[in-house]
Each structure stands twice: as C-alpha cells, then as structure tokens.
Amino acid sequence: MDLGTYGYPPPTAKKIISNYDVPEGVEVRGRYDAEFSKILTKDALKFVSDLQREFRNHIKYALECRKEAKRRYNEGALPGFDPATRYIREGEWICASVPPAVSDRKVEITGPADFEDALSPSWENLMRGQVNLKDAVAGTITFHDKARNKVYKLNDEIAKLFVRPRGWHLPEAHILIDGEPATGCLVDFGLYFYHNHSTFRRTQGAGFGPFFYLPKMEHSREAKIWNKVFEKAEKMAGIERGSIRATVLIETLPAVFQMDEILYELRDHSVGLNCGRWDYIFSYVKTFHAHPDRLLPDRVQVGMTQHFMKSYSELLIRTCHRRGVHAMGGMLREVKAGHDGTWAAHPGLIPSCMEIFNNNMGNAPNQITTMKREDAAKLTEEDLLQIPRGVRTMEGLRLNTRVGIQYVAAWLTGSGSVPLYNLMEDAATAEISRVQNWQWLKYEVELDGDGLGVKVNKELFGRVVEEEMDRIEKEVGKDKFKKGMYKDACKIFTRQCTSPTLDEFLTLDAYNYIVLLHPVETSKL
583 MDLGTYGYPP PTAKKIISNY DVPEGVEVRG RYDAEFSKIL TKDALKFVSD LQREFRNHIK
643 YALECRKEAK RRYNEGALPG FDPATRYIRE GEWICASVPP AVSDRKVEIT GPADFEDALS
703 PSWENLMRGQ VNLKDAVAGT ITFHDKARNK VYKLNDEIAK LFVRPRGWHL PEAHILIDGE
763 PATGCLVDFG LYFYHNHSTF RRTQGAGFGP FFYLPKMEHS REAKIWNKVF EKAEKMAGIE
823 RGSIRATVLI ETLPAVFQMD EILYELRDHS VGLNCGRWDY IFSYVKTFHA HPDRLLPDRV
883 QVGMTQHFMK SYSELLIRTC HRRGVHAMGG MLREVKAGHD GTWAAHPGLI PSCMEIFNNN
943 MGNAPNQITT MKREDAAKLT EEDLLQIPRG VRTMEGLRLN TRVGIQYVAA WLTGSGSVPL
1003 YNLMEDAATA EISRVQNWQW LKYEVELDGD GLGVKVNKEL FGRVVEEEMD RIEKEVGKDK
1063 FKKGMYKDAC KIFTRQCTSP TLDEFLTLDA YNYIVLLHPV ETSKL
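First residue of the sequence shown: 583, per the numbering used here; consecutive thereafter.
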C-alpha cells in the first residue's frame, strides 16, 4: 500500500462530500463541526491556500537543505559560523524598535497558545485551539469546571498572546491543497491571523501584532520565509509593514551559529530570541548522532551550567541586546546573566518569578540597554560545541524509557504536555529520551556511572522496556493502563530507539496514529 509523503494514504480520484465551504483546490478532510466551520471559512482557507502556493517550494528547498547539512554532519563535519555572512554578524544594524505593548516580558506562561511541542496535533485539538484563541482575543472565552462547579473567565487585564505555530517539517494531513497536505505552520498561522489580527491590534497590541513564537529553525533561510509570510499577511490585511512581531526559539544546534542572520532576516518583525533549552539538547544529540566521541551523559546532568549550554545562553543575550531586542530565557537564574524574561509552566509560579526579576531589574522593563554582555564576543565555535561532562547510568536509561513511553501514550490520546516525576514533559524532553537511547544502543555505550561495566545493547534494552512497562502499569493503575495507549506507545518508542537509522522527529512517525480523515469516500468519479 502506498503511504504517501508522510505515511498516510495519498488522495485518490474519488468524490468527496464535505460540509465545509472551500475554495478551489482545497479539501478539508477533518470532521465537520459547526464551530470549526466558523474558523474554516472559505476566505480564511483561501488565505491559507495562497500562503501554501506561494511558499511551498521555498519550504521544500529549506527542508532539503536541512537534509544536506545532516549528511555533512554524519560524515564528520561540525556546524559553525558561515564565512559568507560575516558581514551581517560584524555589521552595525539593529532591529525595529520593540512595540510598547511587549517591552516588559519578565514572565511568560507556556502552553495556552501553543500549536507545537505542548500540543498533540489531532484535528480536534487544532480546531478547538483556533476556536479558543478567537474567543480569547475577543475576550469572551470561559471554562466551566463541572467537577468543582466553577466558571473561569478572563480578568479585565490580560496577558499578551504569543501564538506558537508548528515547525516547518510538520504537515497538516486533514487539509489538502492541490492534492498535497498543507504545511502545518501555515495552517496555524494563517487561520489565527486571518480571524484575529484586527481585534488583537486594537485590544492587546496597541496598534501592533499579532505576536508569535517561531520554533525549530535551523538556518536564516527559514527565517526569510517567515518574513515573507508576514509581509504577505500584512499586505492582505492592509496593515503597516512590521506590525506582526515574532520571537524565534533558538532550539537547534545549527541555529546558534545563525542568530545574527536570523534576526537580520526578521529585523522588521523581530522582538527577540529565546533559549529553547530542551530542544537544544535534543538537537545536540541529533546533530552528532553519528559522532561516537560526542555522547551525552544522563539528561538530568545536562543543565545550563554545562559549558556549551552556558555559552549558548550568553551569546544569545549579547546578540539580542546588540540588535535591540529581547533575550528570553527559560531559567530564573538567567536574569543575572542578562535575560529579559523567563517562562513559567504554571500560573502559581508567576508571582515568585516576577519577584525575582523585579528584585534584579527594578522598574526597568528589560535589560536590552543595560546588559550588553560584550564579554560573550570572545565565545568560539569550540565553546558552543564543547562535549558536556558527566556519566551514563542504568537509571538514566530507565528514566529515558519510562518518560518516552508515557509521553507518547499521552500524545496519542490527545495530550501534548504531561507532568511526569515532578517535571512538565513535552515533545522536546521525549525527543531527548528517544535519541539518547538510540545513540547509546548504536554505540553500545558503557554505563560508566554505575561502575559495573554494563554495556547497552538490544537485549538489555528489551529487558529495561519490559520492566519499565511493568512499573508504569503499577504507577498509573491497571484500569488506566488498559484504557490508555501504552502498548502502542511502547511499540512506537521501542521501534524508534532500535531503528538502524535515526528518525528526524518522534512526532512525524506518531502523527500517523492520530490522523483521522473524514468524510468517508462515497463513490468513484
């Protein structure tokens, strides 16, 4: 059976009955819902299809360039600064001024406006997410907690929304444009922008916006595509160039060598860069998966004090402040290093986070002009690539396996962000678990932290998987284990850890399990 580009059946020449009113060349294969139809209007889908048609070849080329870079790394090359763009790194230029509405970003809460790592991209989740965002921007969103008989609604003063679309690599199988799956991030961006730009600019952006987070970039050519997408959207909406603003997550190893170039491409639309710590660690392992001399220790030992992580954070601060935009971090201690804000995973953490930043920054909204970090100018490629120190243990292998399986099980059943063992796990941490297990198996590494000389091989891994599945069943209970998709998750995770070649992303394979195409094909033409 032909499973098409992304693993699901390609479109066939059959008559499709759909209740959605769609423009020419567009098919909506997700379940019909009256609420969803208010998002999937003919004009909104026309806007998305225009974006897809204009930029799909640029996106395909960028993804091919990723493959070429991967081939070079697998043959022994190392990522580094591009000599061809030295003039950008050494040039005296700044980004457009930060809009007043987002000059103070001391604390941001993660998750509520996320179509990426904290979301399982089922049709229901994606469309309900768009409905919720529209209601949130309109100020009408409510939630009735029936268990506690409590109704939640927005306060008069609300946080500014930053929406994070999916990465370039992820398809949207439920929407076909000219017979091909749409690019996931263009669907996320296009539908949200189309319905909300006007209200957002009036109620939240003080004449600017909407605001976005952009994930998973590896090169400035990808930032250039986003910049052109923004310009096309602004032109369609009849708003000023530079209205849309975005923060780019520097969460891949190749991107750390492209930070100036990324800001340069987005200089009219940028409000900074963010240290995406967990994805960055995942990317380090993935980039060097064919380098047995660059094996990481247990993931719990790879924190911001490791030299390569500290160097990445410091260079990001210097780069952003030199170009006049925010340097966002994920850890509170980074305020003293010069970061302008942090992420909180729960509303209950916000007051303590805010107190720490206010105590260090006073009344200043940010540290863009006061913490230039010129000392970071001396950081070299070697600093950014230094192999992290630490040991590998059986408990590290077990934790990777236990977390990976439980996260995939949650993802398959619709949850993209899962609390496990006092940490909030999303796709990034599950990816670290997967690629680290794969690399340890590939090179049969010694678990040197245990002092027993045990080496990781398929036989040992098989036993660990079996024992950790038993532990998961005991921890979650037999009933939840039976109803959940733990066995399917175990098969997916184990297959990816033992595959002869490393898959690019865990979620690309798992996505095939949550695609649910509607309506049923009724008759051949």
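Cβ coordinates follow ideal geometry from the N, Cα and C atoms, glycine included.
CB-CB under 6 Å to residue i, same chain, minus the five flanking residues each way: which ones, in chain order?
{"i": "V973", "result": "P879, D1030 and G1031"}
{"i": "H726", "result": "V733"}
{"i": "K954", "result": "H903"}
{"i": "A872", "result": "N656"}
{"i": "Q888", "result": "P970"}
{"i": "P1001", "result": "none"}
Secondary structure at residue i, three-state DSSP: helix, strand or coil?
{"i": "T924", "result": "strand"}
{"i": "K918", "result": "coil"}
{"i": "P753", "result": "strand"}
{"i": "C1079", "result": "helix"}
{"i": "Y1095", "result": "coil"}
{"i": "T951", "result": "coil"}
{"i": "S852", "result": "strand"}
{"i": "L1107", "result": "Note that L1107 scores a pLDDT of 32, beneath 50, so its modelled location is shaky and nothing firm can be said."}
{"i": "K735", "result": "strand"}
{"i": "L835", "result": "helix"}
{"i": "V604", "result": "coil"}
{"i": "A828", "result": "strand"}
{"i": "L1088", "result": "helix"}
{"i": "K1024", "result": "helix"}
{"i": "F697", "result": "coil"}
{"i": "H1100", "result": "coil"}
Over the uninterrupted alpha helix (DSSP H) stretch that includes residue i, give me the two end residues.
{"i": "K649", "result": "K624 to N656"}
{"i": "S893", "result": "H889 to R904"}
{"i": "F1043", "result": "K1040 to V1058"}
{"i": "E800", "result": "Looking at the DSSP string, E800 is not in any alpha helix (DSSP H), and its letter there is neither H nor E."}
{"i": "D1127", "result": "The structure shown does not extend to residue 1127, since the chain spans only 583 to 1107, so no value can be given for it."}
{"i": "A991", "result": "M976 to L994"}
{"i": "L966", "result": "E963 to L967"}
Can you give the beta carbon distance from residue i to residue j, rounded, assuming they're within the 8 Å contact cut?
{"i": "D770", "j": "P753", "result": "That belief does not hold up - the Cβ atoms of D770 and P753 are roughly 12 Å apart, past 8 Å."}
{"i": "E833", "j": "D861", "result": "3 Å"}
{"i": "T901", "j": "L845", "result": "7 Å"}
{"i": "S631", "j": "I759", "result": "5 Å"}
{"i": "T829", "j": "G791", "result": "Rounded, the Cβ-Cβ distance is 13 Å, inconsistent with contact."}
{"i": "K798", "j": "W750", "result": "7 Å"}
{"i": "D664", "j": "N948", "result": "At roughly 29 Å, the Cβ-Cβ gap does not stay under 8 Å, so D664 and N948 are not in contact."}
{"i": "R671", "j": "D842", "result": "4 Å"}
Apart from the five residues just before and just after residue i, which ones in its own chain have a Cβ nearer than 7 Å to its Cβ?
{"i": "K806", "result": "E847"}
{"i": "I969", "result": "R876"}
{"i": "P682", "result": "A788"}
Should residue i and residue j be called a contact, given that it needs their Cβ atoms to be closer than 9 Å?
{"i": "L966", "j": "L1034", "result": "no"}
{"i": "V1046", "j": "T983", "result": "yes"}
{"i": "C857", "j": "H921", "result": "yes"}
{"i": "T692", "j": "W993", "result": "no"}
{"i": "L1088", "j": "W705", "result": "no"}
{"i": "N767", "j": "F697", "result": "The residue asked about is misnamed: residue 767 is Cys in this sequence, not Asn. A contact, by the Cβ cut-off of 9 Å."}
{"i": "G998", "j": "S702", "result": "yes"}
{"i": "I561", "j": "Y1068", "result": "The first residue shown for the chain is 583 and the last is 1107, placing residue 561 beyond what the model contains."}
{"i": "Y643", "j": "R803", "result": "yes"}
Once you ignore the five residues that flank residue i on each side, which residues in its own chain have a CB closer than 8 Å to its CB?
{"i": "E1110", "result": "The structure shown does not extend to residue 1110, since the chain is modelled only from 583 through 1107, so no value can be given for it."}
{"i": "Q1080", "result": "It should be noted that the sequence gives Thr, not Gln, for residue 1080. Same-chain partners within the cutoff: W1020, L1023, K1040 and F1043."}
{"i": "G721", "result": "L736, I740 and T785"}
Assuming residue i is part of the beta strand (DSSP E), what are its boundary residues?
{"i": "Y862", "result": "Taken as a continuous stretch (DSSP letters only), Y862 belongs to no beta strand (DSSP E), being part of the alpha helix (DSSP H) at R859 to T869."}
{"i": "A764", "result": "E762 to T765"}
{"i": "A909", "result": "H908 to M910"}
{"i": "P933", "result": "Counting along the chain, P933 falls outside any beta strand (DSSP E), though it belongs to the alpha helix (DSSP H) covering I932 to M943."}
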